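The sequence shown begins at 2 in my numbering and counts up one residue at a time.
The next block holds one structure in the form of structure tokens; read it before the comments.
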Amino acid sequence: MDSKRPSLRGAPSVSERGALPGVKPGMLEADLLRALDRREIEVLFQPQFACSDGAIVGAEALARWQHPSLGEIGARDLFAIAERAALVAPLSRHVVARALEDASEWPTNLHLSLNITPEELGDPRFAADFAELIGRSAIALARLVLEITEDVLLRNLQQAAEALSALRALGFKTALDDFGAGFCNFRYLKELPLDALKLDKVMVEGIPGDAKDLAVFRAIVGLGRALGLAVVAEGIESEIQRATVISEGCNYWQGFLRAQPMRSDKMLALSRTAHGAG
């Protein structure tokens, strides 16, 4: 999980990933196993908007841990704790199952974006196991977007490409997430079976005021279009950023300007009012 998924307001401060001040090592790892059984791990959704008319097109599922004594723990630290506890796979399955449960009640025109961890994609059985998990849901595969980040690909690009190809053949869509936050390896765009390119917030922070930032952003958007990829701008926090990504040809955007991560019922309520509303 990445930096665009911070703990929400009121969460405990974190000195390093998954380490909370004043909390003994190992305590959170033990708590996490119980938290999965107690359904303390919830899923929030950050809406994504069409640049063409402002309508909600779907949402990205983000995990949150409502710890009984420490309060809310965001996805970045939650998955770091899970990695230390060797619980990434069970945690991810739990998050996917809860997200699917909520999304099954959404209108069929809304898609659901799910983050795939390096541990999952590194498992040779991942594609088959994931397809089986999704098969228990009533949601159509074409409404699901699997988001992967660069750290997934650094471990084994060939295996990642094979797994994504297998899932894409079943009907899933795929997106390269946080593009611009790492090395921006253009080889990934050539070798991976992708449907969308998600630009990290660092790609939009300097636009439109900085001419170099705008030139780089414009070039990346043009590259995405040339490759037939939908382009999603993340981290939109101001009206001028939103206006710029729209004018430069992005297809979709998401960010705190219009919607922080929210529960499914609130996302649905917003979707009923967000039809061309800007």
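Cβ atoms here follow ideal geometry from the backbone N, Cα and C, with glycine treated the same way.
Remember, it's a predicted structure, so these values are computed and weren't measured experimentally.
Give me the residue from V24, S93, G181 and L115 with the minimum Cα distance to A143. To locate residue 143, count along the sequence shown from 1; it is residue 142. Nearest in C-alpha terms to A143, of all of V24, S93, G181 and L115, is L115.
Kindly list the residues whose CB is nearer than 7 angstroms to the CB of M268, restricted to its own chain and excluding five residues on each side of it in sequence; keep chain order. Locating residue 268 in the sequence shown gives position 267, counting from the first residue. By the criterion of a C-beta distance shorter than 7 angstroms, M268 is surrounded in its chain by F46, P48 and A60, once the five residues flanking it on both sides are discounted.
When every heavy atom of the ligand NAD is checked, does at least one fall within less than 7 angstroms of the C-beta of N110? The model on display carries no ligand, and the ligand NAD is accordingly not part of it.
Does Q261 pass the burial test, meaning 16 or more other C-beta atoms within 10 Å, or should it be called exposed? As a first step, residue 261 must be located in the sequence shown, where it is residue number 260. Q261 comes out exposed.
DSSP on Q47, reduced to helix/strand/coil? Locating residue 47 in the sequence shown gives position 46, counting from the first residue. Residue state, collapsed to three classes: strand.
Can you tell me where the beta strand (DSSP E) with F180 in it begins and where it stops? Taking the first residue of the sequence shown as 1, we reach residue 180 at position 179. Counting along the chain, the beta strand (DSSP E) containing F180 begins and ends at K174 to F180.
F180: which of V97, P194 and I149 sits nearest, CA to CA? In the sequence shown, counting from the first residue as 1, residue 180 sits at position 179. Here the closest residue by C-alpha is I149.
Rounded to a whole number of angstroms, what is the C-alpha to C-alpha distance between S166 and Q159? As a first step, residue 166 is located in the sequence shown; it is residue number 165 there, counting from the start. As a first step, residue 159 is located in the sequence shown; it is residue number 158 there, counting from the start. The alpha-carbon atoms of S166 and Q159 are separated by roughly 10 angstroms.
Name the one or two DSSP bridge partners that E61 has. Counted from its first residue, the sequence shown places residue 61 at position 60. Looking at the DSSP assignment, E61 forms a beta bridge with Q47 and S114.
From which residue to which residue does the beta strand (DSSP E) around E41 run? To locate residue 41, count along the sequence shown from 1; it is residue 40. In this chain, E41 is not harboured by any beta strand (DSSP E), its DSSP state being neither H nor E.
In whole angstroms, give me the CA-to-CA distance for M204 and E133. For the purposes of this step, residue 204 is taken as the residue at position 203 of the sequence shown. For the purposes of this step, residue 133 is taken as the residue at position 132 of the sequence shown. Between M204 and E133, the C-alpha separation is close to 36 angstroms.
Does the region 36-43 come within contact of the region 228-244, defined as at least 3 CB pairs closer than 8 angstroms? Here the region 36-43 does not lie against the region 228-244, with fewer than 3 beta-carbon pairs under 8 angstroms apart.
Can you have a look at F187 and say buried or exposed, based on whether 16 or more other CB atoms are within 10 angstroms of its CB? Here residue 187 refers to the residue found at position 186 when the sequence shown is read from its first residue. Classification for F187: exposed.
To the nearest angstrom, how far is the alpha carbon of E30 from that of P108? Here residue 30 refers to the residue found at position 29 when the sequence shown is read from its first residue. Here residue 108 refers to the residue found at position 107 when the sequence shown is read from its first residue. Cα-Cα distance, rounded: 37 angstroms.
Between A98 and G210, what straight-line distance do the alpha-carbon atoms span, to the nearest angstrom? Numbered from its first residue, the sequence shown carries residue 98 at position 97. Numbered from its first residue, the sequence shown carries residue 210 at position 209. Taking the straight line joining both Cα atoms gives about 42 angstroms.
In angstroms, rounded to a whole number, what distance separates the CA positions of A161 and A220? The residue given as residue 161 occupies position 160 in the sequence shown. The residue given as residue 220 occupies position 219 in the sequence shown. So the alpha carbons of these two residues sit roughly 26 angstroms apart.
Helix, strand or coil at Q282 [DSSP, three-state]: Since the first residue shown for the chain is 2 and the last is 279, residue 282 is missing from the structure and cannot be characterised.
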